[in-house]
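Let me begin by presenting the structure, written as structure tokens, before commenting on it.
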Amino acid sequence: MKFSIKWIVTLLLTAFSIYMIFALNPVGQLRILFNVLTFAGIYGLAAIGLNVHFGLTGLLNFGHASFMGVGAYVTLLLIPHAVGREGQINETGLPFLLALVIGVVSASLFGLLLGLPAIRLRGDYLAIVTIAAAEIFRILVIDLESITGGVYGIINYSDSLQQYRPNFIEIFVSKYNLNAGQIWIGFLSWISIFFVLLLLKRLNSSPWGRALRAVREDEDAVRALGKNAVWLKLQSFMLGAGIAGLSGVLLAFNYGSLQVTLFVPLLTFYIWAIMILGGVGSLSGPIFGSVIFWVIISETDRLASLIFENANGQQLAGVRFLLVGLLIMILMIFRPSGLLGKKEELLLNVK
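Just so we're aligned: 452 in the numbering used here is position 350 of the sequence shown, and the numbers increase by one with no gaps anywhere.
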């Protein structure tokens, strides 16, 4: 019964969030809806990767943005693109699908590289190392301007993915005057979520998934049973990093240009907020959390402008962070496990 009520409340909140788009916007409702759903799909995918780290294995990762960045930069640098202040054009490159696979694998290998020296750390110490790694990645991208474009970033790469856009999307967007490129990215993000969840569902019910949950609850007991807890955590770190790398690629294509400012600590905070909102340890929780989160982010300014008529744009922009923070505080007080999570998923090293 509790499970049913939990799902009913979550579905009602998600439906109400989507309804707010139509209630607050007299025009352009479909355009705003698909914009929200596209970002919700991309960030939801990233939150699923973070959930593998924290919800499944109990790893405190506050450098998730760096995994997204590695996947995005490696993929885009392997396809035709232009970089830097002068927009130096590189017309040669790999097919997109091959570049995508290499980018996702690179993000996983970055997770392995980071995890080898850091994975033996626990709790706050691991969190500090991941924060530092994310900053090192960001600084390296800026300094390697001849390769990455530095602060000027990478442009002119969208055609590598948009050329695969199916005809039914063209028909749909022409009828409703929507952005075909964004609809295609949103479609890919939700397809990716579907297959990633299928994979995680099978892994979660396998002996490997049960071993990861055992590591989260009592790592010493896992070692006592003869299991290699460090290798299990490394595998989890690599899997979550690969999923994050895929979401980073989709995020870059959704924007149409890639700057290092995309992968700042605020991005990691967003993903943590989505995971907490949806439910730590829940496979589907980040999906609902992402939709609700992005409705708040996209529609708060409009709602606040109706309430505070004399407020300027800068004041209204601060309201969204106030509401997100308030929502997380309320959740931590009344339902610390999130909408679809379980209380025990938040407990680390339970004896």
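Ideal placement from N, C-alpha and C gives every residue a C-beta, glycine not left out.
Checklist line | Candidates A148, S384, V426: closest to N306 by CA position | finding: S384
Next item on the list: Have a look at L158 and V185 and give me their C-alpha separation to the nearest angstrom.
Entry: 38 Å
Next item on the list: Can you check DSSP and say which residues form a bridge with H183?
Entry: N192
Check: Who are the Cβ neighbours of A316 in its own chain at under 6 Å, not counting the five residues just before and after it?
Finding: V324
Check: Buried or exposed: which applies to A326, given that a residue is buried once 16 or more other Cβ atoms fall within 10 Å of its Cβ?
Finding: exposed
Check: Whose CA, out of G213, A375, I221, Y254, lies closest to the CA of E188?
Finding: Y254
Margin query: Measuring straight from C-alpha to C-alpha, what distance separates H169 and I150?
Written below: Looking at the sequence provided, one finds Phe at residue 169 rather than His. Taking the straight line joining both Cα atoms gives about 13 Å.
Notebook entry, point to check: In chain order, what residues of the same chain lie with their CB nearer than 6 Å to the CB of G165, ignoring the 5 residues before and after it?
Noted result: T232, I233, A235, A236
Check: Which term fits I241, buried or exposed, when burial requires 16 or more other beta carbons within 10 angstroms of its beta carbon?
Finding: exposed
Checklist line | Cβ neighbours of I191 in the same chain (closer than 6 Å, five flanking residues each side left out) | finding: A184
Next item on the list: In the DSSP assignment, find the unbroken alpha helix (DSSP H) run with Q337 in it and report its ends.
Entry: 331-357
Next item on the list: Starting from I257, follow its DSSP beta bridges and name the residues at the other end.
Entry: A184
Notebook entry, point to check: Candidates R318, V351, G350, L353: which alpha carbon is nearest L336's?
Noted result: R318
Next item on the list: Would you tell me roughly how many angstroms separate the C-alpha atoms of S248 and L179, rounded to the nearest one?
Entry: 12 Å
Notebook entry, point to check: Is it true that the CB of G344 sits closer than 9 Å to the CB of A209?
Noted result: yes
Notebook entry, point to check: Can you name the residues that DSSP bridges to L132?
Noted result: None, per the DSSP bridge assignment.
Check: Rounded to a whole number of angstroms, what is the C-alpha to C-alpha distance between G205 and V172?
Finding: 7 Å
Notebook entry, point to check: How should G440 be labelled, buried or exposed, when 16 other C-beta atoms within 10 angstroms of its C-beta is the threshold for buried?
Noted result: buried
Check: Which of the three DSSP states, helix, strand or coil, is assigned to L360?
Finding: strand
Next item on the list: Under 8 Å by Cβ, that's how I've got I181 and S294 pegged, so tell me the actual separation to the nearest angstrom.
Entry: Actually they are not in contact, since the Cβ atoms of I181 and S294 sit about 18 Å apart, beyond 8 Å.
Notebook entry, point to check: In or out: Y227 buried (at least 16 other Cβ within 10 Å) or exposed?
Noted result: exposed
Notebook entry, point to check: Taking buried to mean at least 16 other C-beta atoms within 10 Å of its own C-beta, is E272 buried or exposed?
Noted result: exposed
Next item on the list: Note the first and the last residue of the continuous alpha helix (DSSP H) segment covering V231.
Entry: 226-245
Margin query: Below 8 Å, how does it come out for the segment 141-155 and the segment 351-360: are there three or more Cβ pairs, yes or no?
Written below: yes
Item checked: With 16 other Cβ atoms within 10 Å as the buried cut-off, status of G225 -> exposed
Margin query: Taking the beta carbon of G328 as the centre, do at least 16 other beta carbons fall within 10 Å, making it buried, or is it exposed?
Written below: exposed
Check: Helix, strand or coil for S308 per DSSP?
Finding: coil
Next item on the list: Give me the Cα-Cα distance between V421 and T402, rounded to the nearest whole angstrom.
Entry: 7 Å
Item checked: C-alpha distance - Y278 paired with Q264, whole-angstrom precision -> 19 Å
Notebook entry, point to check: With DSSP run on the structure shown, which of helix, strand or coil describes S384?
Noted result: coil
Next item on the list: Please report how far the alpha carbon of S260 lies from the alpha carbon of D320, in whole angstroms.
Entry: 46 Å
Notebook entry, point to check: Terminal residues of the continuous alpha helix (DSSP H) containing G205?
Noted result: 198-220
Item checked: Cut-off 8 Å between Cβ atoms - residues of its own chain near F395, not counting five sequence neighbours on either side -> A142, Y145, Y372, A375, I376, L379, V426
Next item on the list: Since I believe I285 is in contact with F274 (beta carbons under 8 Å), could you give me their beta-carbon distance rounded to a whole number of angstroms?
Entry: 7 Å
Notebook entry, point to check: So what does DSSP say about Y145, is it helix, strand or coil?
Noted result: helix
Check: Between which two residues does the alpha helix (DSSP H) containing F274 stretch?
Finding: 269-278
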